[in-house]
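Quick note on numbering: the working numbering labels position 265 of the sequence shown as 272, and the sequence is numbered without any gaps. Virtual Cβ for every residue (Gly too), placed ideally from N, Cα, C. Remember, it's a predicted structure, so these values are computed and weren't measured experimentally. This report concerns only the one structure given below.
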Amino acid sequence: MCPDRLKVVSKILSPASRLNDASFRALIEHSNDAIVMFDSDWNVMYISPGTERILGFKPAEIRSGETFSYIHPKDIPRVKAGFDECLANPGKPIATIACVRHQDGSWRTLEGLLTNLLQDPQVRGVVYNYRDITERIEAERALRESEEKFKRTFQSNPNSMSINTLQEGIFLDVNDAFLRTTGFRREDLIGHRSTETSWVDKEDRSRMLRLLREQGRVEGMETAFHTKSGKVLFSSLSAVIVEIGGVQYVLTTSQDITERKRAAERLRQSEEKYRSLVELAPWDLSRHP
């Protein structure tokens, strides 16, 4: 590495102090970031070794006057605008993000800072410090897709679903089936405790939490909820603990079993009535055909 370039890079990255050439060479060569320096016409003046780790190209393979041939066409206008802003504001770092072609033909997303040091007699160039954020971008995209898939599943589920804070039981969200079943509006619930609006027996929530801690999940727990009109609905409830943004919540799914419970109660009453009639009868039915 040219000693003059080492001094330039040292000035850019560590203006408060000077490292000797050997130590700074080690720092630059093993850095996860990379540095490119341009003149005012986008001609490459210097490329640090990090470029090969990030883009696969050896510094000598980068064609000086063909900078834009490495940038994805959709990003060229934004990069040019950032470069123009950089030229118009000497010394001010300008943030950039662009897709740049890798030596293997793939595209890598680079995040960096452009700094106009053309007027600095020790630099006389536009410095681009950058790093590869492709994996971070892909992880964020996968997370967004996962969240979107969850939202669609959550809202389209035919059973009532809700998300509440683990400890306080405050509603974070409910799906449309929950609103249809209970008659509540979303604003009636979000930010309010479920024990104040939904649970008929507050101890049932404590029982659910105990089962969650002991078993990790709850399946088929029978309980009862209030509707907005005051009607009582019986439900078969399932619950799991989910983590959102580092906070633990309870995701519950409830299936309305009110009619099943009422049918079972009617059958029980009918059988009880028949049993009473038999027990009170003045004759022994077993002796008559």
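In the structure shown, the three-state DSSP call for I144 is helix. Distance between L219 and M228, taken at the CA atoms: about 11 Å. Closest in alpha carbon position to P128, among L150, G98, F191 and V43, is G98. About 6 Å separates the beta carbons of L125 and G132, which is inside the 8 Å limit, making them a contact pair.
Between the C-alpha atoms of D46 and E152 there is a straight-line separation of about 41 Å. The alpha-carbon separation between P66 and I54 amounts to approximately 6 Å. A102 and D211 have their C-alpha atoms spaced approximately 54 Å apart. The segment 65 to 79 makes no contact with the segment 149 to 167, as fewer than three CB pairs between them are under 8 Å. Here E229 carries a strand assignment [DSSP, helix/strand/coil].
Nearest neighbour of D40 by Cα position, chosen from D195, G237 and I140, turns out to be I140.
Annotation note: the segment 126 to 174 contains the following uninterrupted alpha helix (DSSP H) runs of length 4 or greater, listed N- to C-terminal: 141 to 163. In this structure, G176 sits away from S213, with a CB-CB distance that is not shorter than 7 Å.
Around the beta carbon of I197, fewer than 16 other beta carbons sit within 10 angstroms, so the residue counts as exposed. When Cβ pairs closer than 8 Å are counted between the two stretches, the segment 229 to 249 is seen to touch the segment 181 to 191, the count reaching three or more. According to the DSSP secondary-structure assignment, C106 is paired through a beta bridge with T116. Shown here for V247: same chain residues with a beta carbon closer than 7 Å to its own, the five before and five after excluded, namely R224 and L258 in chain order. A105 sits away from D91, with the two beta carbons spaced by 7 Å or more. A buried status is given to N123, since no fewer than 16 other beta-carbon atoms sit within 10 Å of its beta-carbon.
The beta-bridge partner set that DSSP reports for I197 consists of F178. The segment 50 to 105 contains, as complete beta strand (DSSP E) runs of 3+ residues, the segments 51 to 54 (chain order). For D211, the uninterrupted alpha helix (DSSP H) segment begins and ends at K209 to Q222.
Between the alpha carbons of I264 and G253 lies a distance of about 34 Å. A residue is called buried when at least 16 other Cβ atoms come within 10 angstroms of its Cβ; G237 does not meet this threshold and is exposed. Per DSSP, F241 is one residue of the beta strand (DSSP E) stretching across V239 to I251.
Apart from the 5 residues on each side of it in sequence, T260 sits with its Cβ closer than 8 Å to the Cβ of N164, N166, S167, M168, L244, S245 and A246 in its chain, given in chain order.
Non-local beta-carbon contacts of I144 in its own chain, meaning distances under 6 Å to residues more than five positions away in sequence, involve T116 in chain order. Cα atoms of W114 and Y77: separation of roughly 9 Å, rounded to the nearest angstrom.
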